[in-house]
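Residue numbers (the working numbering): 7 to 397.
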């Protein structure tokens with residue numbers, strides 16, 4: 007529930023759009039506007055009825071699927087996207103960008119449903135669609151390759167993801183795409199930091215620290231602006247070790263430059279959960295150890311929070327939800343640890359900062375042979391998927 011002393015909110019969350027923040031010193035007013043669900047549904051039906059061109063069909067489909075997703079109708083959103091793929095996949099040669107967008111959306115919704123196979127195949131199809139229509143060195147093909155590597159990371163294939171990031175970096179440098187190369191390398195650095203945080207071994211910590219220091223010493227030529235991302239990762243490692251000096255220096259540097267127009271995240275603790283479930287699943291023994299004990303169907307929340315002009319997070323709270331919300335304590339705790347770069351005075355104005363809204367879904371991947379049968383079961387290890395509804 008929204009508390010009156012916290013903010014006045016008109017949450018018309020029937021679509022993905024950026025909130026407009028009223029410049030009012032006496033109150034905080036958030037207005038989120040979007041097209042109603044019935045309108046996007048009518049648009050899509052009308053488009054299909056008149057046999058509209060594929061690009062218009064896909065545009066209408068994405069608008070309606072986004073609305074369904076934000077309303078929590080994940081399965082209807084997935085069905086809408088799947089039906090559109092059935093109508094338009096054959097047009098990928100003529101409309102590769104549009105069809106790839108459709109596949110990307112299909113994969114994203116599938117991930118929130120725990121449909122890991124659909125997610126994996128959608129990402130691969132998205133990449134192959136672009137590869138089949140664009141030049142090999144097109145930056146969009148490289149971007150799709152990075153998304154494939156991201157999918158391997160999300161599905162738990164860490165070594166494979168790391169190898170892919172570094173291979174993309176090598177090929178991007180040969181293609182004279184330094185920014186793509188830097189992004190791929192930074193994805194790999196982020197992966198190493200995640201492993202250091204989760205595995206908590208001296209080897210992983212040294213591996214991440216050495217890799218970050220190497221990048222900072224010799225950032226990718228032509229993409230030096232990405233050095234700041236490595237500095238953020240280094241500050242995250244230092245902060246975990248109890249040293250906040252590097253984070254403080256980053257904040258001071260941004261403040262000296264006058265702040266940033268849009269929020270730039272400098273630090274956040276990861277969402278801590280699943281340790282007990284993971285230990286039980288890995289213990290083996292009885293099949294009961296591998297059966298999920300947590301309900302993950304239709305479990306989502308929209309969390310809103312202020313990012314102050316000083317970069318600190320204030321008042322994270324659940325705006326909307328479906329199902330119980332006991333699992334969200336870890337999410338709220340992680341959001342409270344975030345530190346953003348200071349905002350430019352012109353952006354902050356007289357308002358208390360920027361208001362952000364994020365969707366979190368509790369899910370678990372579907373797996374075969376979880377209990378020795380052919381019946382699909384949820385993995386015993388729950389996951390949290392996140393998507394930004396602010397932008």
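We treat Cβ as the ideally placed atom computed from N, Cα and C, and that holds for glycine.
- Closest by C-alpha distance to residue 194, out of 112, 156 and 227, is 156.
- The DSSP-derived three-state label of residue 57 is coil.
- Counting along the chain, the unbroken alpha helix (DSSP H) around residue 111 starts and ends at 102-119.
- Under a 10 Å Cβ-count criterion, residue 78 is classified as buried, with 16 or more other Cβ atoms of the shown protein chains found around its own Cβ.
- Taking the Cβ atoms as the reference, residue 187 lies roughly 7 Å from residue 229, within the contact range of under 8 Å.
- Here residue 62 has 53 as same chain residues with Cβ atoms under 7 Å from its own Cβ, once five neighbours each way along the sequence are excluded.
- Contact between residue 366 and residue 334 holds: CB atoms are separated by about 7 Å, below the 8 Å threshold.
- By the 16-neighbour rule on beta-carbons within 10 angstroms, residue 259 is exposed.
- Looking only at 324, 270, 169 and 89, the smallest Cα-Cα distance to residue 349 is reached by 270.
- Non-local beta-carbon contacts of residue 213 in its own chain, meaning distances under 8 Å to residues more than five positions away in sequence, involve 198, 201 and 202 in chain order.
- The beta-carbon separation of residue 133 and residue 115, rounded to 18 Å, does not stay under the 8 Å limit for a contact.
- Per DSSP, residue 260 has no beta bridge partner at all.
- Residue 163 carries a coil assignment under DSSP once its states are collapsed to helix, strand and coil.
- When only Cα atoms are considered, residue 373 and residue 382 end up about 6 Å apart.
- As DSSP reads the structure, residue 308 sits in a beta bridge with 326 and 365.
- Here the alpha carbons of residue 237 and residue 42 stand approximately 42 Å from one another.
- If you draw a 10 Å sphere on the C-beta of residue 392, you find fewer than 16 other C-beta atoms in it, and that means exposed.
- The straight-line gap separating the alpha-carbon atoms of residue 220 and residue 159 is approximately 22 Å.
- Residue 142 sits exposed, since fewer than 16 C-beta atoms from the chains shown fall within 10 Å of its C-beta.
- Secondary structure note for residue 186: its alpha helix (DSSP H) is the uninterrupted segment 184-205.
- By the 16-neighbour rule on beta-carbons within 10 angstroms, residue 204 is exposed.
- Each of 249, 313 and 244 was checked against the Cα of residue 265, and the nearest Cα belongs to 313.
- In the displayed model, residue 170 falls within a helix according to three-state DSSP.
- For residue 363 against residue 396, the beta-carbon gap comes to about 5 Å, under 8 Å, which counts as contact.
- Between residue 341 and residue 319, the C-beta spacing is below 8 Å.
- For residue 372, the pairing in a beta bridge is given by DSSP as 384.
- For residue 394, the enclosing beta strand (DSSP E) stretches over residues 389-394.
- Where residue 220 is concerned, the enclosing alpha helix (DSSP H) starts and stops at 208-223.
- Comparing alpha-carbon positions, the option among 337, 338, 317 and 309 lying closest to residue 327 turns out to be 309.
- Each of 339, 316 and 150 was checked against the Cα of residue 324, and the nearest Cα belongs to 339.
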